[in-house]
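Input: a single structure, listed below in structure tokens.
In the UniProt record's numbering, the protein residues as written are 1 to 207.
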């Protein structure tokens, strides 16, 4: 029986080494490539065509979602499992829309990595129940517009409405109007609460 070929993509060498170490005891799996960022991931995928790719989200050069989008554009059958420390439903939805076959929190790797690889290789999808519940919970929510995300990002950096208006070339009144919409859409009590919710759900990423 041919082993499932695997590529690991993460900017932390220790995590890649840990995954390789965990997989070397599985007779039906073989790590054939590693990459430290999204650009390398695309290049290594072209060279090795792994059966399953384990892809981190936050990386330098090119993030995991962009790398996955590029890989699946060239190889629509690519099976990619997103690995992240981040539970936000918005990020999970982005990954799923980009074609992720699996979505795993790094805290779950020890328990669920092996089964997830086998399931995805067999053509199934794997999303942990807690993330699926989170997605379902927010399904009916109205998404923030691009401009509202811009306003909230600057607010998260502690900038006043006036300053936000100056940076975005809009009036202070328009900023206030956007902020009112943001609070309503996120069911937030004030801007600090809105920022907290947006970070938790993956709408904002300040890293």
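Idealized CB from N, CA, C, for every residue including glycine. Quantities reported herein were computed from a predicted structural model and do not represent experimental measurements.
**OP:** Return yes when the Cβ of residue 149 is within less than 8 Å of the Cβ of residue 64, no when it is not.
**Re:** Contact: no.
Subject >> Nonlocal neighbours in the same chain, by C-beta distance under 7 Å from residue 2, ignoring five residues either side >> reply: Excluding sequence neighbours, residue 2 sits near nothing in its chain.
Original post:
Mind pulling the beta strand (DSSP E) runs of 3 or more residues that sit fully within the segment 89-167?
Top reply: Every beta strand (DSSP E) stretch that sits fully inside the segment 89-167 and reaches 3 residues is listed by chain position as 102-105.
Subject >> Reduced DSSP secondary structure (H/G/I, E/B, other) of residue 78 >> reply: Secondary structure at residue 78: coil, using DSSP grouped into helix, strand and coil.
**OP:** Indicate the three-state DSSP secondary structure (helix, strand or coil) for residue 6 in the structure shown.
**Re:** Strand.
**OP:** In angstroms with no decimal places, state the Cα-to-Cα distance between residue 90 and residue 201.
**Re:** Each residue's Cα considered, the two are about 6 Å apart.
**OP:** Please confirm if the segment 163-174 is in contact with the segment 51-67, defined as three or more CB-CB distances below 8 Å between the two stretches.
**Re:** No, because fewer than three Cβ pairs between the segment 163-174 and the segment 51-67 fall closer than 8 Å, the two stretches do not touch.
Subject >> Closest Cα partner of residue 28 within the set 155, 5 and 17 >> reply: The shortest C-alpha separation from residue 28 is found at 5.
Subject >> Secondary structure of residue 27, DSSP reduced to three states >> reply: DSSP places residue 27 outside both helix and strand once states are collapsed to three, so it counts as coil.
Original post:
Relative to the alpha-carbon of residue 142, which residue among 116, 185 and 178 has its alpha-carbon at the smallest distance?
Top reply: Answer by Cα proximity: 185.
**OP:** Kindly list the residues whose CB is nearer than 6 Å to the CB of residue 155, restricted to its own chain and excluding five residues on each side of it in sequence; keep chain order.
**Re:** Answer for residue 155: 191, listed in chain order.
Original post:
Going along the chain, which residues of its own chain have a beta-carbon closer than 6 Å to the beta-carbon of residue 130, five neighbours each way excluded?
Top reply: Within the same chain, no residue comes within 6 Å of residue 130 by CB-CB distance, once the 5 residues on both sides are set aside.
**OP:** Out of 198, 106, 39 and 81, state which residue places its alpha-carbon closest to the alpha-carbon of residue 118.
**Re:** Each of 198, 106, 39 and 81 was checked against the Cα of residue 118, and the nearest Cα belongs to 81.
Subject >> Cutoff 6 Å; reference residue 79; Cβ partners in own chain excluding five residues on either side >> reply: Around residue 79: 52, 101 and 120.
Subject >> Option nearest residue 99 by Cα separation, candidates 111, 73, 112 and 137 >> reply: Selection 111, 73, 112 and 137 evaluated against residue 99 yields 73 as nearest (Cα-Cα).
Original post:
Between residue 39 and residue 83, is the Cβ-Cβ spacing less than 8 Å?
Top reply: No; because the gap between Cβ atoms is not below 8 Å, this pair is not in contact.
Original post:
Considering only C-alpha positions, which residue in the set 92, 111 and 75 is nearest to residue 139?
Top reply: If we check each option's Cα against that of residue 139, 92 comes out closest.
Original post:
Alpha carbon to alpha carbon, how far is residue 206 from residue 96?
Top reply: For the pair residue 206 and residue 96, the Cα-to-Cα distance works out to about 22 Å.
Original post:
Considering only residues of the same chain and omitting the five flanking positions on each side of residue 67, which have a CB-CB separation below 6 Å?
Top reply: The beta carbon of residue 67 is closer than 6 Å to those of 38, 41 and 42 in its chain, skipping five residues each way along the sequence.
Original post:
To which residues of the same chain is residue 112 closer than 7 Å at the C-beta, ignoring the five residues directly before and after it?
Top reply: Once the five neighbours on either side are set aside, the close Cβ partners of residue 112 are 104.
Original post:
In terms of residue numbering, what span does the alpha helix (DSSP H) encompassing residue 44 cover?
Top reply: Element bounds for residue 44: 38-48.
Original post:
Taking just the CA atoms, how far does residue 32 sit from residue 151?
Top reply: Each residue's Cα considered, the two are about 43 Å apart.
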